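Mapping to this note's numbering: the sequence shown position 87 is 143, numbers consecutive.
Where a beta carbon is used, it is the ideal one built from N, C-alpha and C, also for glycine.
If you're wondering where the values come from, they're calculated on a predicted model, not measured in any experiment.
See below for the structure under consideration.
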Amino acid sequence: MAPKLQLHLFQEPDSFTKLAFFAFLSILLYFLFDYLCFFKNCNHPPSPSKIPFIGNLHQLGYLPHLSLRLLSLKHGPLMLLQIGRIPTLVVSSPEMAEQVLRTRPHIRQSTIA
Numbered sequence: 057m058a059p060k061l062q063l064h065l066f067q068e069p070d071s072f073t074k075l076a077f078f079a080f081l082s083i084l085l086y087f088l089f090d091y092l093c094f095f096k097n098c099n100h101p102p103s104p105s106k107i108p109f110i111g112n113l114h115q116l117g118y119l120p121h122l123s124l125r126l127l128s129l130k131h132g133p134l135m136l137l138q139i140g141r142i143p144t145l146v147v148s149s150p151e152m153a154e155q156v157l158r159t160r161p162h163i164r165q166s167t168i169a
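Rendered as structure tokens:
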């Protein structure tokens, strides 16, 4: 007599299924958090499109000074770049830099690159 096979609807998932579910849930929560934070802070300067986790690093290239110049021609003298998860304000004209330093006197010169 052959053994009977019983199928259970709620079997204990294996470790790969648990890992895949955890990875999917983590990525979903990351995008949801990023989406909600984007709309909460709508008063940002213009910025180029970014990729999750690396931000705008892919747009800097081998010659970052030339890449920043091209980005400033497209997005203006004041733009916001994401370097990884760190938001970075890029000021590319002397007039705009003077205005930023006048309105924000608490910015130290050590933070200016």
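Host beta strand (DSSP E) of residue i (start-end)
i	result
Q138	L134 to I139
For residue i, the three-state DSSP class (helix, strand or coil)
i	result
I83	helix
Same chain, Cβ closer than 8 Å to residue i, five either side skipped, listed in chain order
i	result
Y86	P108
S123	Q115, L116 and G117
F72	none
Extent of the continuous alpha helix (DSSP H) run through residue i
i	result
P120	P120 to H131
Sequence-distant residues of its chain with Cβ nearer than 7 Å to residue i (five each side left out)
i	result
H100	L136
I110	G140
Per DSSP, cross-strand counterpart(s) of residue i
i	result
V147	L134
I107	G111
Whole-angstrom C-beta distance between residue j and residue i, which should lie under 8 Å
i	j	result
V156	P133	About 10 Å; that fails the 8 Å criterion.
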